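Novice:
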Amino acid sequence: MAGRRPATAQRQQWAKRSLGLVGVLGFLLMWQCVSLTGVINPQFLPPASAAITALVVSLGTLEFWEAVRETMLAWGIGLGIAAVTGIVAGFVIGSSSFIRKATHSTIEFLRPIPSVGLIPIAVILFGVKIESSLMLIIYAAFWQILIQVLYGVADVDMVADNTARSFGLGPVSRLRYVTFPSALPFIFTGVRLAAAIALILAITAELIIGSPGLGHAIALAQSGGAVAEMYGLVLAAGLIGVMVNLTMRLLEKKTLSWHSSIRSEIVI
Amino acid sequence: MKILKSIAYAVGLPIILIIIWWAATLGTANFYAPSPALLVETFAQVWFSELFLTDVLPSIGRMLAGIALAIMIGITAGLAIGTTRWLRMLLEPTLEFLRAVPPPVLIPVMMLIMGISDSMKIVTIVFGCVWPVLLNTVEGVRAVDSVLSDSSRSYAIGGLARVRHLLIPSASPQIMVGVRQSLSLGLILMVISEMFASSSGLGFSIIKFQRSFAIPEMWSGIALLGLIGVGLSFLFQFVERKALRWYHGQKEVEHAS
Amino acid sequence: MPANLSIATDRHIALSVRDLRKVYSSDAGDVEAVRNLTFDLPAGELACLVGPSGSGKTTLLKCISGLMRPTGGTILLDGNKIVGPPKKMAVVFQEYGRSLFPWMRVHENVALPLKNQRVPKARRKELVDQALEAVGLAHVPTSYPWQLSGGMQQRVAIARAIAYQPEVLLMDEPFAAVDAQTRADLEDLIRDVWEKLGLTILFVTHDIDESVYLGERVIILSSSPTVIQDDIRVDLPDVRDQLETRSLPRFTELRHHVYQQIQLAKLNHRPADAARPPQASRMVRDA
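Residue numbers (the numbering used here), protein chains in the order written: chain A, 3 to 270; chain B, 0 to 256; chain C, 746 to 1032.
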């Protein structure tokens, strides 16, 4: 079957958007009703309107933006360090089957250790500084990226590699022209997944340890009884999460437009 | 010979790392870094005791209950959303938002609404773990092979039979990806919900040791947490291998050709 | 319909396609894929449907199997109008690798449609065993489909279809994706089970030799928008043999005729009476 008429496609797009909007409004309306009718005590769950108002108010305050800056700074630095170390380690380990086999058990053992277990160590080492957040973020994000890079390096097409070899490309050129491009989609997947996890850990560190940022502000609002403000900040955290996800997906799509996994995604 | 070789590969690096650790903690009695022997000793002392029954088992129970509920809810909702176009259009932006909310921020929220209780912790875990399962189920259901779907329809396999024999099995590899993410999220949420607000549980114990500067005890708690994570991961891999034997077999055949 | 009286008078009509029309909406506006198709399939007949590529073979098959709604016209199975996938019809698809359930073993694949129809267990086992026996796969019931070769997988799909005991068996280019050797074997297998079980088969193919070798009758489709280009009887001996039948002069004549018609169809020569009333297949007289 050929593609639908542009008019039909447009109508569909429109239907999709408006239905989605109805969904969001319905969600907010439900929240509003649950609170106003007292199904959940409005003292603990203020109506959606109050939370949104509180969010809008805090958007005008310096403290809010300061907190967002702290959170995103920890997120960015942590993700960056994890990406660089994860990719380098992935290529080093993946380059030889000896290293791969020798490190396999250790990786499989260290990877599932929950990064939040490091919280007490981070507190002892760094206290309520950004380094505490970084430690958790890097640990959690590193494994995610490393594993994907290892998959990617293992996925290299042997025919392509042998072709490159037969044309006399050395190890460095093969890494540059064969291994790296074919592992690239996996690297992106790893970084995309790690980006979401890094945000979770950044907020966690702020919430539990008290390093500055959005999570800390939420904990403060909660303990201070500023309930509507707390919900406003939770909404803000969600919106930041949405933006992180959308940015990563956009980046992936733009950079990997040549790759089949992306091409087929568009067709479907 | 082959088995010996793979054993050597498996234990070689860990042994080297432990020797380095042992050598580094030799002689110098560093307050913050216990030696391997001390850690093992403390571990046995702290956890082979009543604490295991009062704090560790309940934590694990809450986590498993939360994850199990999240998986059930996620698969059910994912099947409904994945097969119903208008429902998908209706809920997509809302779900996109809900899953982007970093789950730890739910802890203060749930604490307000439900107080500090077992059910609050379980609800937090459910709320955090449901999204990976749900979204992966939706993806899996949508990616059901068109020829297989036509085959089922031509044999009048519809309704619940379609769900049971076609949708769930074809989506299962994707669902398992979601379950794996849920497991690690569940463990994180279990620990921090106890660290943030609790007077019992593994997370609480670790923080308590840290605050009282009982450093070897703290390390033993971290080690236990690590063991639980590793155990969960191995359990998952075992179940996944069993449940998706057909999938891995098929992939192998495809790769071989 | 009086014109039907010519040949298969004693057989009742299993499948009847009347004025079938299918229009797709697309970028360039509406595309008429099938204009007007009318034919009857008497019970017990093995008919092949050939046409140039893009002649709407798959569209037609999807409409008959109830997987797609036609724009106009009706399709009757045993006198009942088809609105959805009918209970008493089975389809064998070209993509054998994608039509079997990879998480089920061979015998489970064959049994599933029966289980779904609540066929009692003992009877189910009997039907599954018979079907696997008939396609020569009695020895692999506990394998997974993906452990088998392509030809064997397609045999499993055929076994599943015959175990289901359909009124009509539809086959959508079932052998297009297997190698030539296997293909010849499978062709003979189809003749064999058809004769033994008295099935009614509509076999869609793009292969002219295959259509003449297999069928009692060949329905030739025009290029899109599709009408029936020609409809001929294959008066070859009932017992077919890959070597002997294919070297018969009559085989060559029929093959030649079908080939010519398809060439004409490609050049967009439509039959003079494109919208002719339903009629039975005719004998090819020209040598």
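Note that CB positions come from ideal geometry on N, CA and C, so glycine has one too.
Values in this document were obtained by computation on a predicted structure and should not be read as measured data.
For residue 110 of chain B, count neighbouring Cβ atoms within 10 angstroms of its own Cβ and tell me buried if that reaches 16, exposed if not.
Specialist: Buried.
Novice: Where do the N-terminal and C-terminal ends of the beta strand (DSSP E) with residue 777 of chain C fall, by residue?
Specialist: It spans 774-787 - the beta strand (DSSP E) in which residue 777 of chain C sits, taken as one unbroken run.
Novice: Would you say residue 254 of chain B faces chain C, with C-beta separation under 8 angstroms as the test?
Specialist: No, residue 254 of chain B lies away from the interface with chain C (no Cβ there is under 8 angstroms from its Cβ).
Novice: Considering just the uninterrupted stretch of the alpha helix (DSSP H) at residue 924 of chain C, what are its terminal residues?
Specialist: Unbroken run through residue 924 of chain C: none, as it is neither H nor E.
Novice: Please classify residue 10 of chain B: is it buried, with 16 or more other beta-carbons within 10 angstroms of its beta-carbon, or exposed?
Specialist: Under this definition residue 10 of chain B is an exposed residue.
Novice: Report the CB separation of residue 902 of chain C from residue 949 of chain C in whole angstroms; it is logged as a contact under 8 angstroms.
Specialist: Residue 902 of chain C to residue 949 of chain C, Cβ: 15 angstroms. No contact.
Novice: So with Cβ pairs under 8 angstroms, would you call residue 9 of chain B a contact of chain C?
Specialist: For residue 9 of chain B, the answer is no, since every Cβ of chain C falls outside 8 angstroms of its Cβ.
Novice: Of all the CB atoms in chain B, is at least one closer than 8 angstroms to the CB of residue 781 of chain C?
Specialist: No, no contact with chain B.
Novice: If you measure from the beta carbon of residue 105 of chain A to each beta carbon in chain B, is any gap under 8 angstroms?
Specialist: For residue 105 of chain A, the answer is yes, since a Cβ of chain B falls inside 8 angstroms of its Cβ.
Novice: What's the call for residue 920 of chain C, buried or exposed, on a 16-neighbour Cβ count within 10 Å?
Specialist: It is buried - the Cβ of residue 920 of chain C has at least 16 other Cβ atoms within 10 Å.
Novice: Evaluate contact between the segment 77-97 of chain A and the segment 146-158 of chain A, counting only Cβ atoms and requiring at least three cross-stretch pairs below 8 angstroms.
Specialist: With a cut-off of 8 angstroms, the segment 146-158 of chain A and the segment 77-97 of chain A count as touching, because enough Cβ pairs lie within range.
Novice: Would you identify the three-state DSSP class for residue 177 of chain B, choosing helix, strand or coil?
Specialist: DSSP places residue 177 of chain B in helix when its eight states are reduced to three.
Novice: Quick one: grab the DSSP three-state call for residue 1013 of chain C.
Specialist: Coil.
Novice: Go through the segment 924-991 of chain C residue by residue and report every complete run of the alpha helix (DSSP H) that reaches 4 residues or more, in order.
Specialist: Qualifying alpha helix (DSSP H) stretches, in chain order: 925-942 and 953-959.
Novice: Give a yes or no on whether the C-beta atoms belonging to residue 131 of chain B and residue 180 of chain B are separated by under 8 angstroms.
Specialist: In this structure, residue 180 of chain B lies closer than 8 angstroms to residue 131 of chain B by Cβ.
Novice: Can residue 923 of chain C and residue 904 of chain C be called in contact, C-beta distance under 8 angstroms?
Specialist: In this structure, residue 904 of chain C does not lie closer than 8 angstroms to residue 923 of chain C by Cβ.
Novice: Would you check if there are 3 or more beta carbon pairs closer than 8 angstroms linking the segment 979-997 of chain C to the segment 819-833 of chain C?
Specialist: No: fewer than three Cβ pairs fall under 8 angstroms.
Novice: Could you tell me whether any Cβ in chain A is nearer than 8 angstroms to the Cβ of residue 195 of chain B?
Specialist: Yes, its Cβ sits closer than 8 angstroms to a Cβ of chain A.
Novice: Please work out which residues of its chain come closer than 8 angstroms, Cβ to Cβ, to residue 860 of chain C, disregarding the five sequence neighbours upstream and downstream, and give them in chain order.
Specialist: If we look at residue 860 of chain C and ignore the five residues flanking it on each side, its Cβ neighbours are 869.
Novice: Residue 909 of chain C by DSSP, collapsed to three states: which one?
Specialist: Here residue 909 of chain C sits in coil by DSSP.
Novice: Residue 794 of chain C lies in the beta strand (DSSP E); which residues open and close that run?
Specialist: Note, residue 794 of chain C: beta strand (DSSP E), 791-795.
Novice: Who are the near neighbours of residue 914 of chain C in its chain, counting only those whose CB is closer than 6 angstroms to its CB and skipping five residues on each side?
Specialist: Correct list, in chain order: 835, 906, 944 and 946.
Novice: Measure the C-alpha to C-alpha separation of residue 225 of chain A and residue 32 of chain B and round it to an integer number of angstroms.
Specialist: Their backbone Cα atoms lie some 34 angstroms apart in a straight line.
Novice: If you draw a straight line from the alpha carbon of residue 186 of chain B to that of residue 37 of chain A, how long is it in whole angstroms?
Specialist: Those two C-alpha atoms are separated by around 31 angstroms.
Novice: List the residues of chain A that residue 96 of chain B touches, going by C-beta distances under 7 angstroms, in chain order.
Specialist: Within chain A, the residues near residue 96 of chain B are 240 and 244.
Novice: If you follow the alpha helix (DSSP H) that residue 54 of chain A is part of, which residue opens it and which one closes it?
Specialist: Note, residue 54 of chain A: alpha helix (DSSP H), 50-61.
Novice: Report yes or no: is there a C-beta of chain C within less than 8 angstroms of the C-beta of residue 239 of chain B?
Specialist: Cβ-Cβ to chain C under 8 angstroms: no for residue 239 of chain B.
Novice: Find the residues of chain A that neighbour residue 199 of chain B, judging by a C-beta separation of less than 8 angstroms, and give them in chain order.
Specialist: Those within 8 angstroms of residue 199 of chain B in chain A number zero; the least Cβ separation is about 17 angstroms.
Novice: Shorter than 8 angstroms from the beta carbon of residue 191 of chain A to some beta carbon of chain B?
Specialist: Not an interface residue.
Novice: What is the DSSP secondary structure of residue 997 of chain C, reduced to helix, strand or coil?
Specialist: In this structure, residue 997 of chain C counts as helix in the three-state DSSP scheme.
Novice: What residue from B/222, B/239, B/170 and B/133 has the CA that sits closest to residue 97 of chain B's CA?
Specialist: Nearest option by C-alpha distance: B/133.
Novice: What are the partner residues of residue 769 of chain C, as DSSP defines its beta bridges?
Specialist: In the DSSP output, where bridge partners are listed per residue, residue 769 of chain C has C/776.
Novice: How is residue 240 of chain A classed by DSSP in three states: helix, strand or coil?
Specialist: Here residue 240 of chain A sits in helix by DSSP.
Novice: Return yes when the Cβ of residue 973 of chain C is within less than 8 angstroms of the Cβ of residue 795 of chain C, no when it is not.
Specialist: No.
Novice: Mind checking whether residue 64 of chain B and residue 19 of chain B have CB atoms under 8 angstroms apart?
Specialist: No, the pair does not count as a contact, with Cβ atoms beyond the cut-off.
Novice: Is there a Cβ from chain B that is less than 8 angstroms from the Cβ of residue 840 of chain C?
Specialist: So, interface residue.
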